[in-house]
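Peer 1:
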Amino acid sequence: MSEACCAEPAGDAQKEKELQQLFEKWRGVKGALIPILQGAQSIYGYLPKEVLLRIAKELKLPPSRVFGVATFYAQFHLSPRGRNIVRVCLGTACHVRGGARIFEQMQKELGVGNGETTPDLRFTLETVACLGCCGLSPVIMVNDDTHGRLTPDKLKGIVERYQ
Ligand code: FES
408 MSEACCAEPA GDAQKEKELQ QLFEKWRGVK GALIPILQGA QSIYGYLPKE
458 VLLRIAKELK LPPSRVFGVA TFYAQFHLSP RGRNIVRVCL GTACHVRGGA
508 RIFEQMQKEL GVGNGETTPD LRFTLETVAC LGCCGLSPVI MVNDDTHGRL
558 TPDKLKGIVE RYQ
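Position 67, counted from 1, in the sequence shown is what this note's numbering calls 474; the numbers after and before it change by one each time, with no gaps.
1) Residues in its own chain within less than 8 Å of K424 by CB, not counting five upstream and five downstream?
2) Given that a residue counts as buried once 16 or more other Cβ atoms are within 10 Å of its Cβ, and exposed if not, what is T478?
3) Measure the C-alpha to C-alpha separation of K437 and A420 and round it to an integer number of angstroms.
4) What is the DSSP secondary structure of R508, counted as helix, strand or coil?
5) State the start and end residues of the unbroken beta strand (DSSP E) segment that holds F530.
6) Who are N521's beta bridge partners in DSSP?
7) In the DSSP assignment, find the unbroken alpha helix (DSSP H) run with T478 in it and report its ends.
8) Note down the Cα distance separating H554 from K467, rounded to an integer number of angstroms.
9) Helix, strand or coil: how does DSSP classify H502 here?
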């Protein structure tokens with residue numbers, strides 16, 4: 408019984424069941440840590456601390472090892488992610504065309520910094536090295552949508568489209 412420090416989202420029983428199934432699936436299998444972390448992240452959307460502790464217990468590994476792996480790989484997220492992922496490109500082509508100003512303004516619009524999520528879980532802000540459409544620089548992506556040839560004043564309107 409743990410005093411949760413933050414409200415647990417609805418559907419916890421279902422998630423708990425899925426986590427148990429995940430443990431069952433990998434029980435006794437060598438090298439199960441990464442696939443279990445991946446599975447747990449797809450269940451919870453990120454890797455809550457208490458889930459990491461449970462994984463450590465299940466695999467009989469020191470928590471420091473589980474936390475070490477979870478923090479080493481960029482694919483794992485230790486805090487909740489927003490419903491919308493905003494990626495601001497800071498690659499060379501975007502940089503020379505004002506990518507830094509776009510990033511600065513986006514931080515102001517969302518009120519969060521790189522790698523952070525808004526308290527209402529609406530947005531997570533990230534930077535990337537290239538989005539593969541340098542001809543449209545400076546570029547951002549919101550989820551799967553590309554927004555190019557940006558100026559800082561266009562960001563407000565873009566952000567408003569995503570709930
Ligand atoms: S550098 Fe920004 S899209 Fe390539």
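For every residue, glycine included, the Cβ atom is placed at its ideal position computed from N, Cα and C. Bear in mind that the values here come from a model prediction, so they are computed numbers and not experimental data.
Peer 2: Reading off the structure:
1) none
2) exposed
3) 28 Å
4) helix
5) F530 to V535
6) Paired residues: none, contrary to the question.
7) P470 to F479
8) 46 Å
9) helix
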